[in-house]
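Step one of this worksheet: look at the structure below.
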Amino acid sequence: MSIMGTRVVRTEDPAFLTRGGTYTADIALPGALHLTLVRSPVAHARIASVDVAEARSAPGVVDVVTGTDVDLEPVRMGPVGHAAMVRPFLATDRVRFVGEPVAAVLTEQAYEGPDAAELVIVDYYPLPAVVDLQAAARDEVLLFDEAGTNTVVGFGLEKPFDEHLFDGCDAVVTAEIVNQRLAAAPLETRAATAQWGDDGRLTLWCSTQNAQATRAEVAGWLGIETARLRVITPDVGGGFGAKIGADPEFALVGWLAQRTGRAVRWSESRSENMTGMLQGRAQRQTVTIGGTRDGRVLAYRLDILADAGAYPRLGAFLPYFTRSMAPAVYDIARVESRARVVATTTTSIGAYRGAGRPEATAAIERAMDMFATEIAADPAEVRKRNLIPPDAFPFRTKGRVTYDSGEYAKALDLVLDAAGYAGLRAEQAARRERGDAVQLGIGLATFVEITGGGAFAEDASVEVHPGGTVTVLTGTSPHGQGHATAWAMLASEHLGIPIEMITVRHGDTDLVPRGAGTMGSRSLQTGGVAVDQAAAELVELAKQRAADVLEAAVGDLELVGGAVRVRGTDASVALGRLAETERLRTEATFDSGAPTFPFGAHLAVVEVDVESGKAVVNKIVTVDDAGPVLNPLIAEGQRHGGIAQGIAQALFEEVVFDPDGNPLTASFADYGVPSAAELPSFTLLDMATPTHLNPLGVKGIGEAGTIGATPAVQNAVVDAVAHLGVRHIDMPATPLRVWEAIRAGSS
Amino acid sequence: MIPVAFDYVRPESVDAAVALLGERGEDASVLAGGHSLLPLMKLRFAAPELLIDIGRLEELQYLRLDGDEIAIGAGTRHTTLEASELLDTECPLLPAVARTVGDPQVRHRGTLGGSLAHADPASDLPAAVLALDGTVVLRGPRGARRVPLTGFYTGVFSSVKEPDELLVEVRVPRTGAAGWAYEKFTRRANDWAIVAVAVVDGWVGLVNMGPTPLRASATEAALAGGASIEEAAALADEGTDPPADSAGSTEYRRHLARLLTRRALTTAGR
Chain A
1 MSIMGTRVVR
11 TEDPAFLTRG
21 GTYTADIALP
31 GALHLTLVRS
41 PVAHARIASV
51 DVAEARSAPG
61 VVDVVTGTDV
71 DLEPVRMGPV
81 GHAAMVRPFL
91 ATDRVRFVGE
101 PVAAVLTEQA
111 YEGPDAAELV
121 IVDYYPLPAV
131 VDLQAAARDE
141 VLLFDEAGTN
151 TVVGFGLEKP
161 FDEHLFDGCD
171 AVVTAEIVNQ
181 RLAAAPLETR
191 AATAQWGDDG
201 RLTLWCSTQN
211 AQATRAEVAG
221 WLGIETARLR
231 VITPDVGGGF
241 GAKIGADPEF
251 ALVGWLAQRT
261 GRAVRWSESR
271 SENMTGMLQG
281 RAQRQTVTIG
291 GTRDGRVLAY
301 RLDILADAGA
311 YPRLGAFLPY
321 FTRSMAPAVY
331 DIARVESRAR
341 VVATTTTSIG
351 AYRGAGRPEA
361 TAAIERAMDM
371 FATEIAADPA
381 EVRKRNLIPP
391 DAFPFRTKGR
401 VTYDSGEYAK
411 ALDLVLDAAG
421 YAGLRAEQAA
431 RRERGDAVQL
441 GIGLATFVEI
451 TGGGAFAEDA
461 SVEVHPGGTV
471 TVLTGTSPHG
481 QGHATAWAML
491 ASEHLGIPIE
501 MITVRHGDTD
511 LVPRGAGTMG
521 SRSLQTGGVA
531 VDQAAAELVE
541 LAKQRAADVL
551 EAAVGDLELV
561 GGAVRVRGTD
571 ASVALGRLAE
581 TERLRTEATF
591 DSGAPTFPFG
601 AHLAVVEVDV
611 ESGKAVVNKI
621 VTVDDAGPVL
631 NPLIAEGQRH
641 GGIAQGIAQA
651 LFEEVVFDPD
661 GNPLTASFAD
671 YGVPSAAELP
681 SFTLLDMATP
691 THLNPLGVKG
701 IGEAGTIGAT
711 PAVQNAVVDA
721 VAHLGVRHID
731 MPATPLRVWE
741 AIRAGSS
Chain B
1 MIPVAFDYVR
11 PESVDAAVAL
21 LGERGEDASV
31 LAGGHSLLPL
41 MKLRFAAPEL
51 LIDIGRLEEL
61 QYLRLDGDEI
71 AIGAGTRHTT
81 LEASELLDTE
91 CPLLPAVART
101 VGDPQVRHRG
111 TLGGSLAHAD
121 PASDLPAAVL
131 ALDGTVVLRG
141 PRGARRVPLT
151 GFYTGVFSSV
161 KEPDELLVEV
171 RVPRTGAAGW
181 AYEKFTRRAN
191 DWAIVAVAVV
201 DGWVGLVNMG
211 PTPLRASATE
221 AALAGGASIE
231 EAAALADEGT
241 DPPADSAGST
251 EYRRHLARLL
261 TRRALTTAGR
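The listed protein sequences derive, respectively, from chains A and B.
Per the working numbering, the first sequence runs over residues 1 to 747.
Per the working numbering, the second sequence runs over residues 1 to 270.
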């Protein structure tokens, strides 16, 4: 019986749930020094002086380092941005966000660090903070004087918008929408440990989603050959995109280890994480939608002003994806978009679960609802009217990407049927009629997203050892996704060897020198396919070897239960036996050449107490079609987590800075990560439309929840109070915001 | 997240704890459940030189009838309040409020005395005991004194308790069958209240409507004068000074105080 598509319980979980994993902070090296960073308490300032004399004489202090001691060149850390927008590894003459490292304190014991760090005296001359995006775009206060502008990059800014875009539209609606800044808030904060060997090589243990890219970045920053750096990622306790690539602290730890000749450990506190780790989203959008009174959308425009934070990183590029996905699941004749990305004196923006696509989906899904309201039509009917039909695939979009496959209307119908849409509308009407304090809102989102974008190739090797155990090497390293189970299933399917005998190894650049890592919901459709192919090739290799041993033609051999057997006989040889004479190992590289486009539909039902403004989600029904599912248990876990984070953005979470750039949400008391108590059980419906872009037919599932659930919940909240004159409520739809919207609507 | 160095003592009795406070009260903090104090220390917002740990003193962990009152040892944990059959019968507001504090971990560590002494205006139990017209018993080098909670709080995180005094007992009246309700308004289940309202027998306590827990005096007076619930609740924010933050403007908190008071009075009146 095939193991594919079965609910195999994750083999990694017993250890995680009992003794715990081994994380970077658990790597104990004898004699290692502990790094404590002195971080800027002000958002924007010139540094007049840094006095470390007193800190140097504090108990346990081995070294105190300031920006002028560090001989590493400041570097541009993102894929886009002005050449002058570089970041030093410790601030020298200027700080640009609260939390920027200014000095490094090295102590024998971890507990000695914070005491000594308090003795470092930094003189700051405050400069005006730049927090508001429109103010940043006006360039009145510059973060990087040499750049002459705060604009990091523009997409589509070359030509003006088409004045005639909405010609012929009976109804046109426009709105300003905030897609707020979010914190990734992984359970494991950032950490790195570095040790130089006698061979002149640096070993860096760090918490990252991609060891190989981290190696290239850190080696470049340190100015050493890539071959002299070995990056090892032990267990990683969540990343959500914020652990893509290296952080500057990683290189600093390596540099300090060289300077002191000792191993150096760094593990940040939660407070540091809430200002130091990359954050996500942070777009202000102006959406305009127009169409006919009978529900046909003719034109759509998306104008984006996005936040890069202080030092541009990956996040500055992500509005590119938002533009690509702007038209979403709809066949709209005229679409245009542009994006301006600006630097501000705040924490840098990176990727966060969905990374550019949730922003696109949130914009058009709000726009579709507002358009439906404008023409007094049912939002489900308006969506159906405009969905790309199933016979149109592959479909070249106005976002200039090619959707591989999709059955959008079918997904929406499944969700509407399962939720009892007509009944919900009737219940809503009854409550409105009665004027209940608790009103019902029904929110929809139909969505499509990109997965496996950016990096299409991935390697894998599969080796059967004497004795019959198997090792799989992969460049896609997990930070919670379940690769150990999933990749073992793929190998087991071909080899007939139980998954308990298969070990999946990853995240050590000496062992796996090539790989792009785990991000963008890419693993299964790249690394997984490579494992599948390597295992298939191993079976062929084993048959060739067994043909000699069994004195049979290759064509007469079959693989059964981890052995090669002559068809119809008892003559067989185990794979482990074949490995005794010569290594039984194959490698494969799979290059999809293009991303895939999973899709789905989400329906959210919320109850809003119109007297207090509090919204409670009481039903979520989703289709998340990512093609055939390898392990439903793991895929459902991904959907659950994504939906939870979608609800979190819609109702709870927001990183807030005051006008002076001070973070107001730097702890879990202030940053609203929801718990199970705030979430309903989710109804997950199954649909599997394969892609032609890889032999398994699979797409990515990791981010669907944040893309579909977020606007569904937001739409539901607005829908619940629409009869009170409310047209839009920005996320998170907190009780305060909902109450204020109702008051404004009724007045 | 590493606190400033401190000394730690675990006295064997209340007498020993009080004696220690008499010597070093100015530099010391009393540690009971630790769920308020330890995070403050780890964030270095608090840096006591000495921690006096009373968390294991069994003589502070009791709950008994005492005439018309219920006497509760200051070290009694929230979980004990939650599970108390005596309180369910004699003072059902208190276990109901205790059930809304933080999360199970917090309620297994936190103590009634600690919550009242910490004087956080956003905490649940102080406003509940205030609504109950409760009393605290303080012990210090000069002996013991009883302070009604209405005269206990002086500001945010401050009270009339002297640094050398220990809060040893909380006394609340037996309210029996009197109507009661607790309306706690939060975004997340384990958050501090944006606003909360405790009602028992026509008395009303407000959470997070000023620098200290407050009584809605105007509402109480209106009720005593025969006003309807709607009329009385409309006065709930009178004399309050609510804070403004990202969870709520002062105006929103005033609205919530009126709304939650109306709902709590309605529930209590059933």
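Glycine is no exception: its CB is placed at the ideal position from the N, C-alpha and C atoms.
A quick note: this is a predicted structure, and the numbers were derived from the prediction, not measured.
Buried or exposed for GLY31 of chain A, please, with buried defined as at least 16 other CB atoms from any protein chain shown within 10 angstroms of its CB.
The residue in question, GLY31 of chain A, is exposed, as its Cβ has fewer than 16 Cβ neighbours within 10 Å.
Could you give the distance in angstroms between the alpha-carbon of ASN179 of chain A and the alpha-carbon of ARG187 of chain B?
Cα-Cα distance, rounded: 20 angstroms.
Let me know the beta strand (DSSP E) ranges lying completely inside the stretch 61 to 127 of chain B, each 3 residues or longer, listed in chain order.
Qualifying beta strand (DSSP E) stretches, in chain order: 63 to 66, 69 to 73.
Output the boundary residues of the beta strand (DSSP E) element that contains PHE185 of chain B.
First-last of the beta strand (DSSP E) with PHE185 of chain B: 180 to 185.
Does any residue of chain B have a CB that is nearer than 8 angstroms to the CB of TYR111 of chain A?
By this cut-off, TYR111 of chain A is an interface position.
In the DSSP assignment, the alpha helix (DSSP H) including GLY324 of chain A goes from what residue to what residue?
According to the sequence shown, residue 324 of chain A is Ser rather than Gly. First-last of the alpha helix (DSSP H) with SER324 of chain A: 319 to 324.
Closer than 8 angstroms is the cut-off here; do at least three beta carbon pairs connect the stretch 123 to 136 of chain B with the stretch 170 to 189 of chain B?
Yes, they touch.
Against chain A, does ASN190 of chain B count as a neighbour if the rule is that its beta carbon must be under 8 angstroms from one of theirs?
Cβ-Cβ to chain A under 8 angstroms: yes for ASN190 of chain B.
Just curious, the beta strand (DSSP E) that VAL264 of chain A is in, first and last residue?
Run containing VAL264 of chain A: 264 to 267, per the beta strand (DSSP E) assignment.
Using DSSP's beta-bridge definition, name the partner residues of LEU181 of chain A.
For clarity, residue 181 of chain A is Arg in the given sequence; the question names Leu instead. Note: ARG181 of chain A sits in a beta bridge opposite A:ARG281.
Cα-Cα, which of A:LEU298, A:ASP307, A:GLU359 is closest to MET325 of chain A?
When only C-alpha atoms are compared, the closest one is A:GLU359.
Pick out the complete alpha helix (DSSP H) segments inside the stretch 205 to 266 of chain B, 4 residues or longer, and give them in chain order.
Runs of the alpha helix (DSSP H) inside the stretch 205 to 266 of chain B: 217 to 224, 229 to 233.
Closer than 7 angstroms to a non-hydrogen atom of the ligand MN - does that hold for the CB of PHE157 of chain B?
What this structure holds is no ligand at all, so the ligand MN is not there to describe.
Where does the unbroken beta strand (DSSP E) through ASN618 of chain A begin, and where does it stop?
Note, ASN618 of chain A: beta strand (DSSP E), 615 to 625.
List the residues of chain A that PHE185 of chain B touches, going by C-beta distances under 9 angstroms, in chain order.
Those within 9 angstroms of PHE185 of chain B in chain A are SER612, LYS614, PRO735.
Can you tell me whether DSSP reads PRO234 of chain A as helix, strand or coil?
Coil, per DSSP.
My output table needs one value for LEU298 of chain A: the three-state DSSP class, helix, strand or coil.
Strand, per DSSP.
Closer than 7 angstroms by beta-carbon distance: list the chain A residues that pair up with TYR252 of chain B, in chain order.
Per Cβ cutoff of 7 angstroms: LEU736, TRP739.
Report the residue from A:PRO101, A:VAL172, A:ALA45, A:GLY81 whose alpha carbon sits nearest the alpha carbon of THR66 of chain A.
Of the listed residues, the one whose Cα sits closest to THR66 of chain A is A:PRO101.
So which residues on chain B does ARG270 of chain A lean against when the C-beta distance must stay under 8 angstroms?
Simply MET1.
So is GLN560 of chain A buried or exposed if we call it buried at 16+ other beta carbons inside 10 Å?
Looking at the sequence shown, residue 560 of chain A is not Gln but Val. Label assigned to VAL560 of chain A: exposed.
Could you give the residue range of the beta strand (DSSP E) that holds GLN638 of chain A?
GLN638 of chain A -> not in any beta strand (DSSP E); alpha helix (DSSP H) instead, spanning 632 to 647.
On a Cα-Cα basis, can you pick out the residue from A:SER269, A:LEU202, A:TYR300 that is closest to LEU252 of chain A?
Of the listed residues, the one whose Cα sits closest to LEU252 of chain A is A:LEU202.
Got a sec, what are the start and stop residues for the alpha helix (DSSP H) VAL713 of chain A sits in?
Per DSSP, VAL713 of chain A belongs to the alpha helix (DSSP H) from 704 to 721.
Who are the neighbours of SER123 of chain B on chain A, taking C-beta pairs under 9 angstroms?
Per Cβ cutoff of 9 angstroms: no residues; SER123 of chain B is ~13 angstroms from chain A at best.
Relative to the C-alpha of LEU182 of chain A, which candidate in A:ILE643, A:ARG228, A:MET731 has its C-alpha closest?
Taking only the C-alpha atoms, the option nearest LEU182 of chain A is A:MET731.
So GLY102 of chain B contacts chain A; which residues on that side make the cut at Cβ distance below 7 angstroms?
Neighbours of GLY102 of chain B on chain A: none; closest Cβ ~11 angstroms, over 7 angstroms.
Quick check: the Cα distance between GLN428 of chain A and LYS699 of chain A, rounded to an integer number of angstroms?
Going from the Cα of GLN428 of chain A to the Cα of LYS699 of chain A covers about 36 angstroms.
Less than 8 angstroms between the CB atoms is what I'm expecting for ILE647 of chain A and ALA709 of chain A, so what's the real figure, rounded?
Going by Cβ atoms, the distance from ILE647 of chain A to ALA709 of chain A rounds to 6 angstroms, so yes, they are a contact pair.
Between PHE652 of chain A and chain B, is the shortest Cβ-Cβ distance under 8 angstroms, so that the two count as touching?
Yes, contact with chain B.
I'd like to know if PRO74 of chain A contacts chain B, where contact means its C-beta is closer than 8 angstroms to some C-beta of that chain.
No, no contact with chain B.
Among B:GLY110, B:ARG258, B:GLY102, B:SER158, which has the Cα closest to the Cα of ALA119 of chain B?
Ranking B:GLY110, B:ARG258, B:GLY102, B:SER158 by Cα distance to ALA119 of chain B puts B:SER158 first.
Using C-beta distances below 7 angstroms, list every residue in its chain close to TRP221 of chain A, excluding the 5 sequence neighbours before and after it, in chain order.
Same-chain partners within the cutoff: LEU72, VAL75, ALA251.
How big is the Cα-Cα spacing for ASP115 of chain A and VAL9 of chain B?
If you take the alpha carbons of ASP115 of chain A and VAL9 of chain B, they lie about 22 angstroms apart.
Can you pull out the residues from the stretch 52 to 68 of chain A whose beta carbon lies closer than 7 angstroms to at least one beta carbon of chain B?
Taking 7 angstroms as the Cβ-Cβ cut-off against chain B, none of the residues of the stretch 52 to 68 of chain A qualify.
Determine the direct distance from the alpha carbon of ILE27 of chain A to that of GLY507 of chain A, and round the result to whole angstroms.
Answer to the nearest angstrom: the Cα atoms are 15 angstroms apart.
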